[in-house]
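Report on the following structure.
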Amino acid sequence: MSFSMDSTSKTKELVQKAEQVYRDNFTNECWYGRCIFLSWYCDLGTCKFCFRSTQKHKIKFAPDAQRTLSSVLVEALLCKKLGWRIEFLTGGYRIFPIETLVEITRLVSKVYGEKIWLNLGVISLGDLKRFKPYVKGIVSSIETINPKLHQQVCPDKPIEPYEKMFEYAAGFKKSMTIVIGLGEKKSDFKLLAEFITKHKLDRITFYALKPVKGTLFEKSDGPTTEDYQWWIATTRINFPKLELIAGTTARRYEEVGSLLKAGANAFTKFPATKLFGTRAAHKIEQDIVIVRRKLRGSITSLPKVNWNKEIENLGLGQQLKLDVKEKMELYLARMRKNIDEYEINPTKNIKCNDDE
Ligand code: SF4
6 MSFSMDSTSK
16 TKELVQKAEQ
26 VYRDNFTNEC
36 WYGRCIFLSW
46 YCDLGTCKFC
56 FRSTQKHKIK
66 FAPDAQRTLS
76 SVLVEALLCK
86 KLGWRIEFLT
96 GGYRIFPIET
106 LVEITRLVSK
116 VYGEKIWLNL
126 GVISLGDLKR
136 FKPYVKGIVS
146 SIETINPKLH
156 QQVCPDKPIE
166 PYEKMFEYAA
176 GFKKSMTIVI
186 GLGEKKSDFK
196 LLAEFITKHK
206 LDRITFYALK
216 PVKGTLFEKS
226 DGPTTEDYQW
236 WIATTRINFP
246 KLELIAGTTA
256 RRYEEVGSLL
266 KAGANAFTKF
276 PATKLFGTRA
286 AHKIEQDIVI
296 VRRKLRGSIT
306 SLPKVNWNKE
316 IENLGLGQQL
326 KLDVKEKMEL
336 YLARMRKNID
346 EYEINPTKNI
356 KCNDDE
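Numbering (this note's numbering), first residue to last: 6 to 361.
Structural data, given as structure tokens:
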């Protein structure tokens, strides 16, 4: 998608206005939101843009290929100690029995020390009550708000059950995800605005479409940065107090500063453990400073923490504790290696497939 000079300068003006609205309503702090996956597999697997719909993914990730609880808890502890927020706990549809999901959610919230957000599809009222002690908000993966486009792109994931869930989810904060670049028009913003107002949303997570091989969108470039900024800035101007989170990827990380400038509170979907301390992570931190924001925590340096002691204090069972310690060592070793490599060669790019 190309932009004329006229539309580029209009977006610039819009972004300036959105930045001012942001500053009138929030402090300059921003954060990295870590999305914690419970499984790489999705039982639905029919959304046309999603890598979980590709054959390659289905072969590689069998339905029983769930993430280990230890790595989920390691991520929760890293979030706590590195100043990251847990964007939400998520996973493919119908992967775990509800008792298991509630128990994992309890443990993640215990390790993190706060109630968390859930993005687990449509949850019944009875099940929501079971999650309530550990969960502050629920997320609906709406993906696109235009009904016709939604029907084409997510044929088996209708919007209505999510809307119903928002209606009965009293006492929970509410959020939605939306992907920019699926074919929506700027005029669809009206529909988005109506949805936000109707359901009194507290938060929205935006993503830029990522072209995935083997999907309908494999030849798409994804939205331009200007187009992506347009959606964030327009939402910020119309909803000054709404929490806006902007997704990035290992390929689009250079636009994080621009997305914050357009009024996003935070960024997410950066593969921050794999790319911890790398050139990409440093670039994000530098750009945050350039747009006069301050990052809570760090994606480049490890705080002094006695990790074993932290894990001891979590009150986990003996075997789980040992597994978490072991897994933590693996995570830390990779993060330290990145830090060392960056010291030797700060221009080195580390390749990372952020899907896996
Ligand atoms: S977008 Fe979500 S529901 Fe759709 S295939 Fe991907 S993981 Fe499954």
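Don't be surprised by glycine CBs; every beta carbon is placed ideally from N, CA and C.
Tell me whether S58 counts as near ligand 1, meaning its Cβ is closer than 7 angstroms to at least one heavy atom of that ligand. yes
Taking the continuous alpha helix (DSSP H) assigned at W45, which residues delimit it? Per DSSP, W45 belongs to no alpha helix (DSSP H) and is neither H nor E.
Just mark K224 as buried or exposed, buried being the case when its beta carbon has 16 or more other beta carbons within 10 Å. exposed
How would you write the range of the beta strand (DSSP E) that Y212 sits in, first residue to last? 208-213
Please state if the CB of F42 and the CB of G96 are separated by a distance shorter than 8 angstroms. yes
Taking 8 angstroms as the threshold (C-beta atoms), are K279 and E259 in contact? no
Could you spell out the range, first to last residue, of the beta strand (DSSP E) harbouring I362? The first residue shown for the chain is 6 and the last is 361, placing residue 362 beyond what the model contains.
So what's V158 in DSSP terms, helix, strand or just coil? helix
Cβ-heavy atom distance between T51 and ligand 1 below 7 angstroms? yes
When you compare the stretch 166-182 with the stretch 122-133, are there three or more beta-carbon pairs, one atom per stretch, that lie closer than 8 angstroms? yes
Indicate whether the contact test is met: 3 or more Cβ pairs, each with one atom in the stretch 271-285 and one in the stretch 308-328, closer than 8 angstroms. no
Going by beta carbon distance, what residues of the same chain come within less than 6 angstroms of E148, once the five residues before and after it are set aside? C159, V184
Leaving out five residues before and five after G176 in sequence, what residues of the same chain have Cβ atoms less than 8 angstroms from its Cβ? K137
Return the residue from the list V296, R341, T254, L264 that minimises the CA-CA distance to K356. T254
Of the residues S58, E80, T229, G126, the one placed nearest W312, counting alpha carbons only: E80
Beta strand (DSSP E) segment containing R90, residue limits: 90-95
Please determine if the stretch 48-59 and the stretch 26-40 are in contact, where contact requires at least 3 C-beta pairs separated by less than 8 angstroms. no
Cβ-Cβ separation, S145 to Y173 (assumed contact under 8 angstroms), whole Å: No, Y173 and S145 are not in contact; Cβ-Cβ is about 13 angstroms, not under 8 angstroms.
Where does V184 sit, in a helix, a strand or coil, going by DSSP? strand
When you compare each of E92, Y117, I128 to F101 by their alpha carbons, which one comes out closest? I128
Verify the contact flag: K218, CB atom, against every heavy atom of ligand 1, threshold strictly below 7 angstroms. no
If T16 and E189 are in contact, beta carbons under 8 angstroms, what's the gap, nearest whole angstrom? Between E189 and T16 the Cβ distance is about 16 angstroms, and since that is not below 8 angstroms, they are no contact.
DSSP three-state assignment for G50, whether helix, strand or coil: coil
Work out the CA separation of C84 and I242 for me, nearest whole Å. 30 angstroms
K218 versus K191 - alpha carbon distance: 26 angstroms
Under the assumption that R39 contacts I103 (Cβ atoms under 8 angstroms), give the Cβ distance between them as a whole number of angstroms. Wrong, their Cβ atoms sit about 24 angstroms apart, outside the cutoff.
Nearest to K61 by CA position, among S75, P152, T73, Y46, is which residue? Y46
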